[in-house]
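Asks: Each protein sequence line maps, in turn, to chains V and H. Residue numbering for the first sequence follows my numbering, starting at 1255 and increasing by one per position. Residue numbering for the second sequence follows my numbering, starting at 1255 and increasing by one per position. For glycine and all other residues, C-beta sits at the position ideal for the given N, C-alpha and C.
2 protein chains.
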Amino acid sequence: MGRAEYKQYDRFLVAVDCIIFGFDGTGLKALLIKRGFEPEIGKWSLMGGFARLEESIDEAAQRILLTLTGLEEIYMEQLHCFGEVARDPGGQVISVAYFALIKIDESDKEKLDSHQAKWFDLKKMPSLVFDHKDMVRLAKERLQQKVANHPIGFELLPNKFTMQQLQALYEAVYETSFDKRNFTRKILSLGVLQKLPEKEKTSSKKGAFYYVFDKKKYKKLESRGLSFL
Amino acid sequence: MGRAEYKQYDRFLVAVDCIIFGFDGTGLKALLIKRGFEPEIGKWSLMGGFARLEESIDEAAQRILLTLTGLEEIYMEQLHCFGEVARDPGGQVISVAYFALIKIDESDKEKLDSHQAKWFDLKKMPSLVFDHKDMVRLAKERLQQKVANHPIGFELLPNKFTMQQLQALYEAVYETSFDKRNFTRKILSLGVLQKLPEKEKTSSKKGAFYYVFDKKKYKKLESRGLSFL
DNA sequence: CTTAATAAGTGTCAATATAACATTTATATT
DNA sequence: AATATAAATGTTATATTGACACTTATTAAG
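In structure tokens form, the structure reads like this:
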């Protein structure tokens, strides 16, 4: 069969929805918008949009993230394709969900405002349209799995961060607490952090040393498979 | 916007492709078919088909697996949505890939024949249509990740299996070899296998005890998170 | 300048998990 | 009775994990 033969098959609208994670120092956050059109106008929703024939689905996801946040070259990963029949009452729509990790203060405030976007703590999420709650739950699980073996937590932190910020992030992701000494030992033993001579002085009198993630060192060790927990 | 508003957006053909894994005692295998229609007719391909508006994508995947193998209630998991623009020269088609684990001898031989289906060792795969090679590669990676923490390897073995069969399976999945004593100790320590009084006698004079996977025991321990490696 | 307050930084020990390694056992065949 | 075959099993050294508390650097207050 050629192009002609495919004509007989059904065609779907393909939406892309983005679970955008951020970290504010205390809790893991997701960026939600107030849905601006029917159905379910006015309810909280993930940022999404429809894919276009002339772009790949990955490109659609990037476009949608850019539209909301003004950000490009962001860590983003496909999560899952949601394809229940009546998941969107507005039409026969399948949705490919992506999750992104951004630094919360780097997004474009005006763009966020124009979409009535707001950060919500994952533990205090409002009710969401359609199956977006399932998407967020799955994204959180995937994030937990991924963070355990890949150095993506750093995407949520400033380039320079203290050991306590890093620990707070991991504690937020796993909703648990770690022993400070064991955590520091474990993370430093991986050999992918570089300690800066500089200190963060606002949160204590003594000051805490900054660290940066060293991508080159990581690339060398990556094949051996590091465990970040 | 209501149903009318969605009209303005592009619609896609949605294919579903299945990476069907099997294990024959030595190597990890994938089930391929000879593609029976254009484009790329006559080339090796994953089993696939187009999703229909009246079914979910998961249901489409099950339907396609059933069509080829005659099997239902099979372990199957969504892998990834492949959405490059020109991935299928026959039309604008996105594909949602699934991977399934089946017992190689339980599939319907006639159905397999009617699709000119054949099992290929993952290490000796022929060239495949479109992006199916990427799909297989990703499926293999996902299988490796998944098998490490979930008891899905048993889906590829007979209900009763010997410790050596199980070890051979893990060795095939990870393309490595394990020490027999350490492997046995590790697996048994999980406490999810039940040893039968019965022995498999064809491959040795002494005979090897059969084991079965005990789903009930696993369910009790699942929340603690078992490591199968 | 001394003291107090605050968060940062650090080490040990016990328990557990892993990795490396060879011999004995059960059975069928000759 | 001897032999051949694959199955079954245990020990030790090393590495990793988890539990646990005191010292240090600095600023602010008196």
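(1) How close, in whole Å, do the beta carbons of ALA1426 (chain V) and GLY1281 (chain V) come, if the pair is a contact with beta carbons under 8 Å?
(2) Given that a residue counts as buried once 16 or more other Cβ atoms are within 10 Å of its Cβ, and exposed if not, what is ARG1257 (chain V)?
(3) Report the three-state DSSP secondary structure of TYR1428 (chain V) (helix, strand or coil).
(4) Can you tell me the Cβ-Cβ gap for MET1330 (chain V) and TYR1352 (chain V), rounded? I've got them flagged as a contact below 8 Å.
(5) What is the DSSP secondary structure of PHE1467 (chain H), counted as helix, strand or coil?
(6) Would you check if the region 1445–1453 of chain H and the region 1464–1478 of chain H touch, i.e. whether three or more CB-CB distances between them fall below 8 Å?
(7) What does the alpha-carbon distance come out to for the pair TYR1472 (chain V) and ARG1265 (chain H)?
(8) Report the CB separation of ALA1305 (chain V) from VAL1268 (chain V) in whole angstroms; it is logged as a contact under 8 Å.
(9) Does DSSP classify GLY1445 (chain V) as helix, strand or coil?
(10) Reducing DSSP to helix, strand and coil, say where LEU1483 (chain H) ends up.
(11) Give me the subset of the region 1337–1362 of chain H whose CB atoms are less than 8 Å from a CB atom of chain V, sorted by chain position.
(12) Which of the three DSSP states is assigned to ALA1340 (chain H) in this structure?
(13) Can you tell me the Cα-Cα spacing of PHE1384 (chain H) and HIS1334 (chain H), whole angstroms?
(14) In this structure, does DSSP put LYS1288 (chain H) in helix, strand or coil?
(15) For the structure I just gave you, are there three or more beta carbon pairs, one from the region 1397–1413 of chain H and one from the region 1309–1318 of chain H, closer than 8 Å?
(16) Could you tell me if GLY1461 (chain V) is buried or exposed, where buried requires 16 or more neighbouring beta carbons within 10 angstroms of its beta carbon?
(17) Given a cut-off of 7 Å on the beta-carbon distance, is the pair ASP1271 (chain V) and LEU1300 (chain V) in contact?
(18) Can you pull the chain H neighbours of TYR1428 (chain V), defined as C-beta to C-beta under 7 Å?
(19) Assuming GLU1292 (chain H) and GLY1344 (chain H) form a contact by the criterion Cβ under 8 Å, report the distance between their Cβ atoms to the nearest whole angstrom.
(20) For ILE1273 (chain V), does the three-state DSSP call read helix, strand or coil?
(21) Chain H partners of CYS1335 (chain V), CB-CB under 7 Å?
(22) May I ask which residues mark the beginning and end of the alpha helix (DSSP H) holding VAL1390 (chain V)?
(23) Nearest to ASN1403 (chain H) by CA position, among H:ASP1359, H:LYS1453, H:SER1481, is which residue?
(24) Looking only at its own chain, which residues have a Cβ that is under 7 Å from the Cβ of GLU1476 (chain V), when we skip the five neighbours before and after it?
(25) Select from the region 1263–1278 of chain H all residues with a C-beta closer than 7 Å to any C-beta belonging to chain V, and list them in chain order.
(26) I'd like to know whether the C-beta atoms of GLY1337 (chain V) and ILE1287 (chain H) end up nearer to each other than 7 Å.
(27) Is GLU1260 (chain V) close to chain H? Criterion is C-beta to C-beta, closer than 7 Å.
(28) Can you have a look at ILE1274 (chain H) and say buried or exposed, based on whether 16 or more other CB atoms are within 10 angstroms of its CB?
(29) Report the neighbours of ALA1243 (chain H) on chain V: residues whose CB is nearer than 9 Å to its CB, in chain order.
(30) Roughly how far, in whole angstroms, is the beta-carbon of LYS1283 (chain H) from the beta-carbon of LEU1420 (chain H), given that I think they are within contact range, below 8 Å?
(31) Using 10 angstroms around the beta-carbon of ILE1356 (chain H), count the other beta-carbons present and answer buried if the total reaches 16, otherwise exposed.
Replies: Once the coordinates are examined:
(1) Working through the first sequence from its first residue, we reach residue 1426 (chain V) at position 172. Working through the first sequence from its first residue, we reach residue 1281 (chain V) at position 27. With a Cβ gap of about 5 Å, ALA1426 (chain V) and GLY1281 (chain V) count as contacting.
(2) What you label residue 1257 (chain V) is simply residue 3 of the first sequence in a count that begins at 1. Bear in mind that the predicted position of ARG1257 (chain V) carries a pLDDT of just 48, short of 50, making it unreliable; the figure below should be weighed with that in mind. By the 16-neighbour rule on beta-carbons within 10 angstroms, ARG1257 (chain V) is exposed.
(3) For the purposes of this step, residue 1428 (chain V) is taken as the residue at position 174 of the first sequence. Three-state result, TYR1428 (chain V): helix.
(4) In the first sequence, residue 1330 (chain V) corresponds to position 76, counting from 1. In the first sequence, residue 1352 (chain V) corresponds to position 98, counting from 1. The beta-carbon separation of MET1330 (chain V) and TYR1352 (chain V), rounded to 5 Å, stays under the 8 Å limit for a contact.
(5) Position 213 of the second sequence, counted from the first residue, corresponds to residue 1467 (chain H). Three-state result, PHE1467 (chain H): strand.
(6) The region 1464–1478 of chain H, when compared against the region 1445–1453 of chain H, does touch it at the 8 Å Cβ threshold.
(7) Taking the first sequence and counting its residues from 1, one reaches residue 1472 (chain V) at position 218. Taking the second sequence and counting its residues from 1, one reaches residue 1265 (chain H) at position 11. If you take the alpha carbons of TYR1472 (chain V) and ARG1265 (chain H), they lie about 42 Å apart.
(8) Position 51 of the first sequence, counted from the first residue, corresponds to residue 1305 (chain V). Position 14 of the first sequence, counted from the first residue, corresponds to residue 1268 (chain V). Going by Cβ atoms, the distance from ALA1305 (chain V) to VAL1268 (chain V) rounds to 4 Å, so yes, they are a contact pair.
(9) Locating residue 1445 (chain V) in the first sequence gives position 191, counting from the first residue. Three-state result, GLY1445 (chain V): coil.
(10) Translated into positions along the second sequence, residue 1483 (chain H) becomes position 229. In this structure, LEU1483 (chain H) counts as coil in the three-state DSSP scheme.
(11) For the region 1337–1362 of chain H, which is checked against every Cβ of chain V, the residues closer than 8 Å are GLY1337, GLU1338, VAL1339, GLY1344, GLY1345, GLN1346, VAL1347, ILE1348, VAL1350.
(12) Here residue 1340 (chain H) refers to the residue found at position 86 of the second sequence. Note: ALA1340 (chain H) maps to coil in three-state DSSP.
(13) Position 130 of the second sequence, counted from the start, is the residue given in the question as residue 1384 (chain H). Position 80 of the second sequence, counted from the start, is the residue given in the question as residue 1334 (chain H). For PHE1384 (chain H) and HIS1334 (chain H), the distance between alpha carbons rounds to 15 Å.
(14) In the second sequence, counting from the first residue as 1, residue 1288 (chain H) sits at position 34. Strand at LYS1288 (chain H).
(15) No: the two stretches stay apart, fewer than three of their Cβ pairs being nearer than 8 Å.
(16) For the purposes of this step, residue 1461 (chain V) is identified with residue 207 of the first sequence, where counting begins at 1. GLY1461 (chain V) comes out exposed.
(17) For the purposes of this step, residue 1271 (chain V) is identified with residue 17 of the first sequence, where counting begins at 1. For the purposes of this step, residue 1300 (chain V) is identified with residue 46 of the first sequence, where counting begins at 1. Closer than 7 Å, so yes.
(18) Working through the first sequence from its first residue, we reach residue 1428 (chain V) at position 174. For TYR1428 (chain V), no chain H residue has a C-beta closer than 7 Å to its own C-beta; the minimum C-beta separation is roughly 12 Å.
(19) Along the second sequence, one-based indexing puts residue 1292 (chain H) at 38. Along the second sequence, one-based indexing puts residue 1344 (chain H) at 90. Right, the Cβ-Cβ distance comes to about 7 Å (below 8 Å), so this counts as a contact.
(20) As a working mapping, residue 1273 (chain V) is identified with position 19 in the first sequence. The answer is strand: DSSP assigns ILE1273 (chain V) an E or B state.
(21) The sequence position of residue 1335 (chain V) within the first sequence is 81, counting from 1. Those are ILE1311, GLN1332, CYS1335, VAL1350, listed as they occur along chain H.
(22) For the purposes of this step, residue 1390 (chain V) is identified with residue 136 of the first sequence, where counting begins at 1. Counting along the chain, the alpha helix (DSSP H) containing VAL1390 (chain V) begins and ends at 1386–1403.
(23) Looking up residue 1403 (chain H) in the second sequence gives position 149. ASN1403 (chain H) has its Cα closest to that of H:SER1481, out of H:ASP1359, H:LYS1453, H:SER1481.
(24) For the purposes of this step, residue 1476 (chain V) is taken as residue 222 along the first sequence, with counting starting at 1. Counting only Cβ-Cβ distances below 7 Å, and skipping sequence neighbours, we find nothing.
(25) So the close ones are TYR1263, ASP1264, ARG1265, PHE1266, LEU1267, VAL1268.
(26) For the purposes of this step, residue 1337 (chain V) is identified with residue 83 of the first sequence, where counting begins at 1. For the purposes of this step, residue 1287 (chain H) is identified with residue 33 of the second sequence, where counting begins at 1. No, they are not a contact pair.
(27) Taking the first sequence and counting its residues from 1, the one referred to as residue 1260 (chain V) is at position 6. As written in the sequence, residue 1260 (chain V) is Tyr, which differs from the Glu given in the question. So yes, TYR1260 (chain V) belongs to the interface.
(28) Reading the second sequence from its first residue, position 20 is the one you call residue 1274 (chain H). Label assigned to ILE1274 (chain H): buried.
(29) Outside the shown range of chain H (1255 to 1483) lies residue 1243 (chain H), about which nothing can therefore be said.
(30) The sequence position of residue 1283 (chain H) within the second sequence is 29, counting from 1. The sequence position of residue 1420 (chain H) within the second sequence is 166, counting from 1. Rounded to the nearest angstrom, the Cβ distance from LYS1283 (chain H) to LEU1420 (chain H) is 17 Å, too far for a contact under 8 Å.
(31) Taking the second sequence and counting its residues from 1, one reaches residue 1356 (chain H) at position 102. It is buried - the Cβ of ILE1356 (chain H) has at least 16 other Cβ atoms within 10 Å.
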